[in-house]
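In our numbering, the protein residues as written are -8 to 248. Every residue, glycine too, gets a C-beta built ideally from N, C-alpha and C. Everything numeric in this text was worked out from a predicted model, so none of it was measured. Notes follow the structure.
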Amino acid sequence: MLLAVVFFALVAIAVWFARRDPAPAPPPAPGVPRSPGAPTPAPAPPRPRTIFDLAAEGDLDGVRSLIDENPERLHLCDESGWTALHHAAYNDRTALIGFLLEKGADPNAAAEGECVPIHVVATDGSADSVAELVQGGADISIPDDTGATALHFAALNKNVDLVNALLARGAPVNMKDAQADTALDIAERFKDEELIAALTASGGLPGSQVAMAEVLAELPEKAAARRIVPRPWHLDAEDARLQASIEDARAAVPKLV
């Protein structure tokens, strides 16, 4: 009797398992239909390649096509304020740099941080790209918002070829950044003898020995395009303009009674 009860109980359990809902199937692998005959979702369309993408890739034909379609694209800026010329310069696309300048790109377009194309090419570019930019009107003496010029950037990247290319095209060797460092100060910090030799051969001095008033006075002869506007860090303690502004400030403060 007991065996019969156990037998019928087992049969009932088996029937219950047979009738219950099947376990959900695992999700299909990407690109595999969920069930036979079900359509595979269409892939998302690729993002259109912008003039910034094409400039970075050095796609001269692609950039030309976009500019012919809409010349204003030449002056478009990305979220960091970079133009197509910035992207071409950063990726050392020499031929494209020349084309963009020929089409009217601004060689001194300032992006975020007062970054201009000559700064960008000085990070890891070539002497040929420097030559294209300078020939196209790039001002080789422009500082960014930290006071660094293209020569500072080339020295920071320990690129002697770029340092020599910049110096050969009139880069002011003794411009000081906001930390009062010249390119030579940077080279000496790295203890890079080749950099030090290249800079000193062109008259490079440490910032402690440089009066910026004298450097700025030389810029009309040495700058590639235009004289820069003096910045606060260009004013040395003995500079007459700084002394005059200090006197003006003192005169504006009421005397204590």
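From the options, pick the residue whose C-alpha is nearest to that of residue i; which is it?
{"i": "A192", "options": "L175, R64 and L45", "result": "L175"}
{"i": "A118", "options": "P134, I88 and E48", "result": "I88"}
{"i": "R180", "options": "V112, A156 and H143", "result": "H143"}
{"i": "N150", "options": "T137, P134, G138 and V121", "result": "V121"}
{"i": "C106", "options": "G116, I42 and G138", "result": "G138"}
{"i": "P223", "options": "P197, A189, D136 and A159", "result": "D136"}
{"i": "C68", "options": "L91, N148 and I42", "result": "I42"}
Taking only the alpha-carbon atoms, compute the straight-line gap between residue i and residue j and give it to the nearest angstrom.
{"i": "A141", "j": "D59", "result": "32 angstroms"}
{"i": "E209", "j": "R40", "result": "44 angstroms"}
{"i": "V54", "j": "P98", "result": "17 angstroms"}
{"i": "A216", "j": "Q126", "result": "Below a pLDDT of 50, predicted positions are generally treated as unreliable, and A216, at 46, falls in that range; no measurement from the model is reported."}
{"i": "I131", "j": "I109", "result": "7 angstroms"}
{"i": "A226", "j": "L207", "result": "Contrary to the premise, residue 226 reads as Leu rather than Ala in this sequence. C-alpha separation (whole angstroms): 10 angstroms."}
{"i": "K167", "j": "T173", "result": "5 angstroms"}
{"i": "I177", "j": "V112", "result": "18 angstroms"}
{"i": "I187", "j": "L157", "result": "15 angstroms"}
{"i": "D258", "j": "G116", "result": "Residue 258 lies beyond the residue range present for the chain, which begins at -8 and ends at 248; the question has no answer from this structure."}
{"i": "V201", "j": "A129", "result": "25 angstroms"}
{"i": "L45", "j": "A162", "result": "30 angstroms"}
{"i": "A96", "j": "P197", "result": "35 angstroms"}
{"i": "D183", "j": "L57", "result": "44 angstroms"}
{"i": "V164", "j": "L65", "result": "32 angstroms"}
Count the other CB atoms, across all protein chains shown, that sit within 10 Å of the CB of residue i; report buried if there are 16 or more and exposed otherwise.
{"i": "E63", "result": "exposed"}
{"i": "H77", "result": "buried"}
{"i": "S199", "result": "exposed"}
{"i": "N61", "result": "exposed"}
{"i": "P37", "result": "exposed"}
{"i": "P134", "result": "buried"}
Please give the ranges of any beta strand (DSSP E) in the segment 34 to 121, keeping only runs that are unbroken, at least 3 residues long and fully inside the region. For the segment 34 to 121, not a single whole beta strand (DSSP E) run of length 3 or above is found.
Threshold first: 4 residues or longer. Then list the alpha helix (DSSP H) segments lying entirely within the segment 132 to 156, N to C. Annotation note: the segment 132 to 156 contains the following uninterrupted alpha helix (DSSP H) runs of length 4 or greater, listed N- to C-terminal: 141 to 147.
At 4 residues or longer, what runs of the alpha helix (DSSP H) sit wholly inside the segment 163 to 198? With a minimum length of 4 residues, the continuous alpha helix (DSSP H) runs that stay inside the segment 163 to 198 are 174 to 181 and 184 to 192.
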